[in-house]
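Heads up: the structure comes next, in structure tokens.
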Amino acid sequence: MTTTETRLRGLIDENLGLGREPNLDGGFSDAGVSSLDAVAFMRLVEREFGIRIPPEDCETINTFRDLIAHVDAKTG
């Protein structure tokens, strides 16, 4: 497990209230996360990792694993 994945799992656990281990290969809606909550979560990730995720990039982030890869690409 990468550092990014560990940190992101913590953010998911603390902020999305899934009540279960997230399926990183599933989409936000598959996890029961509303589109409004997904946008707020993306902003939280931006602050946590000190990156910017422009709207056009958000369109290509369909799963939590996509988000991990995106953060790694921006911070790596």
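Take 84 as the starting number for the sequence shown in this note's numbering and just add one per residue. We put the beta carbon where it would ideally sit given N, CA and C, even for glycine. Note that this is a predicted model, so its numbers are computed, not measured.
(1) Starting from THR146, follow its DSSP beta bridges and name the residues at the other end.
(2) Do THR87 and ILE151 have their C-beta atoms within less than 8 Å of each other?
(3) Please classify GLY159: does DSSP put it in a helix, a strand, or coil?
(4) Identify the continuous alpha helix (DSSP H) that holds PRO138 and give its terminal residues.
(5) On the CB-based measure, 16 or more other CB atoms within 10 Å of its CB, does LEU91 come out buried or exposed?
For this structure:
(1) GLY110
(2) With respect to the 8 Å criterion, THR87 and ILE151 are classified as neighbours on the basis of their beta carbons.
(3) coil
(4) 138-141
(5) buried
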